[in-house]
Amino acid sequence: MKTEADYYALFDAYRSGELAAPQRTDLERRLAADPDLARRLSDYETLTGTLTAYGQRLALRRKLNAIQADMDAEQAVRLSTEERPVPNPFFSAGEAPRPALRISRTEEKLRQFWGSHRATMMVAASVAVMAVFATLLGMEWWKARQQPSVYGYATLRREVDRIKRTQRVMNKAINQIGTPATPAVNQGKFSGTGFALTADGYLVTSYHVIQGADSLLIESRDRQRFRAEPVFTDVAHDLAILHIKDKSFKGFGRLPYSFKRGQSELGERVYTLGYPREDLVFNDGSLSARSGFEGDTGFYQISIPVNPGNSGGPLLDDRGNLIGIISGRQMDVQSAAFATKSSYLMRLVDSLSAARTGQAYNLPRANQLAGTSRPQQIRKLRDYVFVVKVYE
Amino acid sequence: MGKGQPSYTDEEFVAAIRRGDDRALAQLYRLHFPMISHYVLQNSGTDDEAKDVYQEGVMVFYEKVRDGSLELSCQIKTYLYAVCRRLWLKRLTEKTRFGGRLDDHEPYLETGAEADLELAEERDRRFATMAEALERIGEPCRSLLEGFYLLDKSMQQLTAEFGYTNADNAKNQKYKCLVRLKKLFFNQYQEFET
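Given below as structure tokens:
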């Protein structure tokens, strides 16, 4: 009777092919006949197979560990050369204590955190930077657009776009009744009011009316048009002086009003003419305060209902003295409008004449309006009040 | 990473590893390590865990290649990624601190990696049993068997090392040891199975 070990010797020889031919055929015959023996062989094979595979696995693990160690070593070398490019000069080359790469636990944690969240943090940072700059630019832009208007204060230049549609409808209606169509007119983007300063083509309007303008067009009551250019602007007092450049312009003729150099009294009855719509509009009220929005002493407060488009219009008192230029109104207060004081306009004109000797401003001296009734005053006045059209 | 070494295509990698080319294995290992390392670190792992997972993944791949049973339907990279992803998922659930979605940065494809992993797990269990059986068999059987099967020493070397009079004696001793190992191994293995 063979022991199990003997069988294993036999199997080993069988598998390695050392068995002589007759013995092999004998074994194979017995394996076919005896299931017990066959099971024994398969057990043996599982065992040796597992052992060999296990050995290979261990060998592979050793290989991989070696590769990994190689990589780690390279990494460490790279790190240490990066971090310590200059050897410490106080130690001679031989006895220098090997400075181990010392990283504290917190630093290690931080590095790990940085390593794994770097991309996210970069994105977040760039979004933040962009948001900051967008906000700043946006605010800057907004401010530039709103200047010089302050919260609660509305300037009164008129956006013409709004009424374009009605205009178009009217044009259509005109076409339908068969009259020859008037050529479509470029309405400009904004409009305000202006009035003559001198007889030889200087005009006054509000600065915010012409703010950001590419070109200006002055239109009189009888639809005559002149090209104008700003000569001087005063942002603080919301004033602008324009000059008509057209060759065809012959002059306004004698101005019927004069400019008041002093200040007017409270309660004085005042009125204005302007172009809040296509036609000249008259409005009146009284002078209600000698300071403007938030106590600005450059302005009067007046109780005249003004509308967008009134800006730059003349403010006159009962005797036909020009005392101010309409500028804006306060949104949250009933009919509180503001007008630049004429004294500031006079000071501006004086300083301009002084600075530029060649161009004298021949201001009107005589007042033809004093003592006449208001409709008469207006009839004289209306030819000197113009629409200022602004193209951007 | 090149350093003048030849660079392989996927097919060349498989062929070279099947031939037992260690240089190809090393290069493959280096090539894809950053991807897995990044993935594990992104998903609340440490450097060492990344290395462990990656080594296991490469082992699965390597053994499949050596078996000749690998049917690669995708890039090696994708295969390794799928295997390592699965392994890491398992580790995380074992650590029980995993509650959320994994943060993938590669498209997750059906690569057959799942089935391969189950086979690999089965094999791991067998190896673990074998290691335990070897632990319990005692000397000198353990050294003899380890020398022959695990360290690839020849019978002559072992005869000299263990002081047997001739190679046949050593062989007989080896067979006896195998019988003992068989009992230990199958007892435990079957115990494990049931």
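Listed in order, the protein sequences are those of chains A and B. Residue numbers in the first sequence follow this note's numbering, run continuously in steps of one, and reach 386 at the last position. Residue numbers in the second sequence follow this note's numbering, run continuously in steps of one, and reach 196 at the last position. All C-beta atoms in this analysis are idealised placements derived from N, C-alpha and C, irrespective of residue type, glycine included.
So what does DSSP say about A:V300, is it helix, strand or coil?
-> Along the first sequence, read from residue 1 onward, the residue named residue 300 of chain A stands at position 306. Coil.
Cβ pair count under 8 Å reaching 3, the region 330 to 344 of chain A against the region 360 to 375 of chain A = no
Taking buried to mean at least 16 other C-beta atoms within 10 Å of its own C-beta, is A:Y2 buried or exposed?
-> Taking the first residue of the first sequence as 1, we reach residue 2 of chain A at position 8. Buried is the call here.
Extent of the continuous alpha helix (DSSP H) run through A:D311 = Working through the first sequence from its first residue, we reach residue 311 of chain A at position 317. Note, A:D311: premise wrong, no alpha helix (DSSP H); beta strand (DSSP E) at 308 to 311.
Spatial distance of A:R139 from B:R87 (CA atoms) | Here residue 139 of chain A refers to the residue found at position 145 of the first sequence. Here residue 87 of chain B refers to the residue found at position 85 of the second sequence. Roughly 57 Å separates the two Cα atoms.
Apart from the five residues just before and just after B:Q190, which ones in its own chain have a Cβ nearer than 7 Å to its Cβ?
-> The residue labelled residue 190 of chain B in the question sits at position 188 within the second sequence. Same-chain partners within the cutoff: T131, E134, A135.
Of the residues that make up the region 59 to 76 of chain B, which ones have a beta carbon closer than 8 Å to any beta carbon in chain A?
-> V60, M61, Y64, E65, R68
Would you mind working out which of A:R368, A:G289, A:R284, A:L375 sits nearest A:G307, comparing C-alpha positions?
-> In the first sequence, the residue the question calls residue 307 of chain A occupies position 313. Nearest C-alpha to A:G307: A:L375.
Among the residues of its own chain, which have a CB less than 6 Å from the CB of A:P79, if the five just before and after it don't count?
-> Here residue 79 of chain A refers to the residue found at position 85 of the first sequence. At A:P79, the pLDDT of 48 sits below 50, so the modelled position is not reliable; the number obtained from the coordinates is stated separately. Correct list: empty, nothing qualifies.
List, in order along the chain, the chain B residues whose C-beta lies closer than 9 Å to that of A:Y48?
-> Locating residue 48 of chain A in the first sequence gives position 54, where the first residue counts as 1. The contacting residues are R128, F129, M132, A133, L136, Y151, L152.
Looking only at C-alpha atoms, which of A:A53, A:F293, A:R284, A:G303 sits nearest to A:E272?
-> By 1-based counting over the first sequence, the position of residue 272 of chain A is 278. Minimum Cα distance to A:E272 is reached at A:G303.
At least 3 beta-carbon pairs within less than 8 Å: the region 223 to 242 of chain A vs the region 260 to 275 of chain A = no
Between the region 11 to 23 of chain B and the region 42 to 49 of chain A, do at least 3 Cβ pairs fall closer than 8 Å?
-> no
Could you tell me which residues DSSP puts in a beta bridge with A:V379?
-> As a working mapping, residue 379 of chain A is identified with position 385 in the first sequence. Answer is A:F189.
Any beta-carbon of chain A closer than 8 Å to the one on B:A52?
-> Stepping through the second sequence from its first residue, residue 52 of chain B is reached at position 50. No, no contact with chain A.
Which residue from A:F226, A:R219, A:R313 puts its Cα closest to that of A:K241?
-> Numbered from its first residue, the first sequence carries residue 241 of chain A at position 247. For the residues A:F226, A:R219, A:R313, the minimum Cα distance to A:K241 belongs to A:R219.
Could you give the DSSP three-state label for A:A207: helix, strand or coil?
-> Your numbering for residue 207 of chain A matches position 213 in the first sequence. A:A207 falls in the coil class under three-state DSSP.
Which partner residues does A:H237 have in the DSSP bridge list?
-> Within the first sequence, the letter at position 243 stands for residue 237 of chain A. Looking at the DSSP assignment, A:H237 forms a beta bridge with A:Y196, A:E223.
Min CB distance A:A58 to chain B below 8 Å = Here the question's residue 58 of chain A lines up with position 64 in the first sequence. Checking the sequence, you will find Leu at residue 58 of chain A rather than Ala. Taking Cβ atoms only, chain B reaches closer than 8 Å to A:L58, which makes this a yes.
Evaluate B:A172 with the Cβ neighbour count: other Cβ atoms within 10 Å of its Cβ, from every protein chain shown; 16 or more gives buried, anything less gives exposed.
-> For this step, residue 172 of chain B is matched to residue 170 along the second sequence. B:A172 should be labelled buried.
How would you write the range of the alpha helix (DSSP H) that A:Y265 sits in, first residue to last?
-> Position 271 of the first sequence holds residue 265 of chain A. Not the alpha helix (DSSP H): A:Y265 falls in the beta strand (DSSP E), residues 263 to 268.
Can you tell me the Cβ-Cβ gap for B:K178 and A:A(-1), rounded? I've got them flagged as a contact below 8 Å.
-> Along the second sequence, read from residue 1 onward, the residue named residue 178 of chain B stands at position 176. Along the first sequence, read from residue 1 onward, the residue named residue -1 of chain A stands at position 5. Yes, they are in contact, since the Cβ atoms of B:K178 and A:A(-1) sit about 5 Å apart, within 8 Å.
Do A:A316 and A:Y251 have their C-beta atoms within less than 8 Å of each other?
-> As a position in the first sequence, residue 316 of chain A is number 322, starting the count at 1. As a position in the first sequence, residue 251 of chain A is number 257, starting the count at 1. Residue 316 of chain A is actually Leu in this sequence, not Ala. Going by C-beta atoms, A:L316 is nearer than 8 Å to A:Y251.
Mind checking whether the beta-carbon of A:E223 lies closer than 7 Å to any heavy atom of the ligand MG?
-> Ligands are entirely absent from the displayed structure, and the ligand MG is therefore not among its contents.
One or two residues paired with A:L387 in a DSSP bridge = The first residue shown for chain A is -5 and the last is 386, placing residue 387 of chain A beyond what the model contains.
Could you tell me which uninterrupted alpha helix (DSSP H) segments, each at least 4 residues in length, are contained entirely in the region 7 to 79 of chain B, listed from first to last along the chain?
-> 12 to 21, 24 to 44, 49 to 69
Looking at the structure shown, is A:Y385 part of a helix, part of a strand, or coil, going by DSSP?
-> Residue 385 of chain A sits at position 391 when you count from the first residue of the first sequence. Reduced to three states, the DSSP call for A:Y385 is strand.
Taking the C-alpha atoms as reference points, what is the distance between A:A90 and B:L72?
-> As a first step, residue 90 of chain A is located in the first sequence; it is residue number 96 there, counting from the start. As a first step, residue 72 of chain B is located in the second sequence; it is residue number 70 there, counting from the start. Model confidence at A:A90 stands at a pLDDT of 48, short of 50, so the residue's coordinates are unreliable and nothing is read from them.
Determine, using beta carbons only, whether A:I204 comes closer than 8 Å to chain B.
-> For this step, residue 204 of chain A is matched to residue 210 along the first sequence. Not closer than 8 Å to any Cβ of chain B, the Cβ of A:I204 fails to qualify, so no.
Helix or strand or just coil, what does DSSP make of A:Q370?
-> Position 376 of the first sequence holds residue 370 of chain A. It is helical.
Got a sec, what are the start and stop residues for the beta strand (DSSP E) A:S388 sits in?
-> Because chain A here runs from -5 to 386, residue 388 of chain A falls outside it and cannot be looked at.
Touch test, the region 22 to 36 of chain B against the region 204 to 223 of chain A, Cβ-Cβ under 8 Å, three pairs minimum = no
Put A:Y147 into one of helix, strand or coil per three-state DSSP.
-> The residue you call residue 147 of chain A lines up with position 153 of the first sequence. In this structure, A:Y147 counts as strand in the three-state DSSP scheme.
Would you report the Cα separation of A:S258 and A:I372, rounded to the nearest angstrom?
-> Position 264 of the first sequence, counted from the first residue, corresponds to residue 258 of chain A. Position 378 of the first sequence, counted from the first residue, corresponds to residue 372 of chain A. Cα to Cα, A:S258 sits roughly 20 Å from A:I372.
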